[in-house]
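>
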Amino acid sequence: MNPRLMGIVNLNPDSFSTAGEEVDDATARALRLVDTGAEVIDLGAQSASPSTPVVPAEDELAVLTPVVTELAARGVTVSVDTYKPAVAAGVVAAGARLVNDYSGSDDAEMLEVVAGTDAQFVLTHNIGPVKQRLTDPNLYDDVVLEVGDWFARQLERLAAHGVAPERVVLDPGIDLSKTPAQTVAVLAGLPDLRARFSNPLLVAISRKDFIGTIARAVPHERGPGTLAALVPLVRIDDTIARVHDVAAARQFLDVLGVLEGRATLDRDAVLDPALYRSDGRSGGTGAAAAAGS
């Protein structure tokens, strides 16, 4: 079963103006992702990178709120990537349907905010400090088991604060408080997490450090590795893949689905002549055209 796709739209508070042009641009970027297959748009105005400063909550809200409002008015399911309770409250009031908190959710105020709404909550496994790297190869004896045990404890804690389990999406925290090898183990162990929990699983794989470690690639060169990292998600049901390049992910999943027999290709299917060449010309027929020559 193919994962649902969550498209990433990052907003920069340093250069963002709510006067109109930037809101229109962010909205247009989000709608393009929806057109290419995103079922959810994840907006963020606070980088998780340790090298970037913390954005004040009021600045984060000023950037996010008009875009959330515009997208929600167009019927787009909006998630907001934030660990700040005030931001979560504001964006849900503006129409966001998911609060995507990568921090590990130690803040009781955040749980109280979410409990007072009907939004879904993304519970992310992260036992390190916010905006700090924690990469200890000896941190876990069995990382998949320990992530699952942490989820179980946190689900009880959320329920005690009034956040029902059926409102919670579980994120195993790719790269967060994990070495690349631990992250790979978590991806390989997704079936074990699925066996323990019925909640949707959100997996943020796009351009992550574990891909860069394997491929020796900087973030903008990690597109092919991101597609490869989608494969574990198709082995289980009810998953969400958080990606930058939705069109590439959609194409990869569609082709993989046919090759693996999870989707069918009609026996009389032929390529639309308009697709023979990227410039729109038909370019002839047969093998030469199919090869793009």
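Take any residue in the sequence shown, note its place counting from 1, add 11, and you have its number in my numbering. Cβ coordinates follow ideal geometry from the N, Cα and C atoms, glycine included.
Just to confirm, is the Cβ distance from residue 194 to residue 148 under 7 angstroms?
Residue mapping note: residue 194 aligns to position 183 of the sequence shown, counting from 1. Residue mapping note: residue 148 aligns to position 137 of the sequence shown, counting from 1. Contact flag unset, no.
> For residue 139, which of helix, strand or coil comes out of DSSP?
Your numbering for residue 139 matches position 128 in the sequence shown. DSSP places residue 139 in coil when its eight states are reduced to three.
> For residue 113 and residue 187, which I take to be in contact (beta-carbon distance under 8 angstroms), what is that distance rounded to the nearest angstrom?
Working through the sequence shown from its first residue, we reach residue 113 at position 102. Working through the sequence shown from its first residue, we reach residue 187 at position 176. With 8 angstroms as the limit, residue 113 and residue 187 qualify as a contact, their Cβ atoms being about 7 angstroms apart.
> Would a C-beta distance cut-off of 7 angstroms place residue 57 and residue 51 closer than the cut-off?
Numbered from 1 along the sequence shown, position 46 holds the residue referred to as residue 57. Numbered from 1 along the sequence shown, position 40 holds the residue referred to as residue 51. For the pair residue 57 and residue 51, the CB atoms are not nearer than the 7 angstroms cut-off.
> Flag this pair as touching only if the segment 82–100 and the segment 143–157 have three or more C-beta atom pairs under 8 angstroms; answer yes or no.
These segments do not touch.
> In whole angstroms, what separates the C-alpha of residue 229 from that of residue 12?
Here residue 229 is taken as the residue at index 218 of the sequence shown, counted from 1. Here residue 12 is taken as the residue at index 1 of the sequence shown, counted from 1. Taking the straight line joining both Cα atoms gives about 30 angstroms.
> If you measure between the beta carbons of residue 44 and residue 75, is that distance less than 7 angstroms?
Working through the sequence shown from its first residue, we reach residue 44 at position 33. Working through the sequence shown from its first residue, we reach residue 75 at position 64. Taking 7 angstroms as the Cβ cut-off, residue 44 and residue 75 do not qualify as a contacting pair.
> Closer than 6 angstroms by C-beta to residue 41: which residues in its own chain qualify, once you throw out the five before and the five after it? Chain order, please.
Looking up residue 41 in the sequence shown gives position 30. So the list reads 20, 52 and 82, once near-sequence residues are dropped.
> Which first and last residues belong to the alpha helix (DSSP H) in which residue 155 is found?
Counted from its first residue, the sequence shown places residue 155 at position 144. From DSSP, the alpha helix (DSSP H) with residue 155 extends over 154–171.
> Is residue 41 helix, strand or coil by DSSP?
Walking along the sequence shown from the start, residue 41 turns up at place 30. In the three-state reduction of the DSSP assignment, residue 41 falls in the helix class.
> So, are the CB atoms of residue 122 and residue 165 less than 7 angstroms apart?
As a position in the sequence shown, residue 122 is number 111, starting the count at 1. As a position in the sequence shown, residue 165 is number 154, starting the count at 1. Cβ atoms of residue 122 and residue 165: not closer than 7 angstroms.
> Comparing alpha-carbon positions, which option in 32, 63, 48 and 17 lies nearest residue 258?
Taking the sequence shown and counting its residues from 1, one reaches residue 258 at position 247. It is 48 whose Cα lies nearest to the Cα of residue 258.
> Can you find at least 3 beta carbon pairs, one from the segment 275–289 and one from the segment 235–249, that sit closer than 8 angstroms?
no
> Where does residue 222 sit, in a helix, a strand or coil, going by DSSP?
Counting from 1 along the sequence shown, the entry for residue 222 is found at position 211. Note: residue 222 maps to helix in three-state DSSP.
> Closest to residue 89 by CA distance: which of 209, 16 and 168 is it?
As a working mapping, residue 89 is identified with position 78 in the sequence shown. When each option's Cα is compared against that of residue 89, the closest is 16.
> Pop quiz: residue 211 and residue 251 are said to be a contact at Cβ under 8 angstroms. What is the actual Cβ separation, rounded to whole angstroms?
Position 200 of the sequence shown holds residue 211. Position 240 of the sequence shown holds residue 251. Right, their Cβ atoms sit about 6 angstroms apart.
> Measure the beta-carbon distance from residue 126 to residue 174 and round it to whole angstroms, keeping in mind my assumption that it falls under 8 angstroms.
Position 115 of the sequence shown, counting from 1, holds the residue named residue 126. Position 163 of the sequence shown, counting from 1, holds the residue named residue 174. 5 angstroms between Cβ atoms; contact.
> Can you name, in chain order, every residue of its own chain whose Cβ lies under 8 angstroms from the Cβ of residue 14, other than the five neighbours on each side?
Here residue 14 is taken as the residue at index 3 of the sequence shown, counted from 1. If we look at residue 14 and ignore the five residues flanking it on each side, its Cβ neighbours are 214, 241, 244, 245, 250, 251, 252 and 264.
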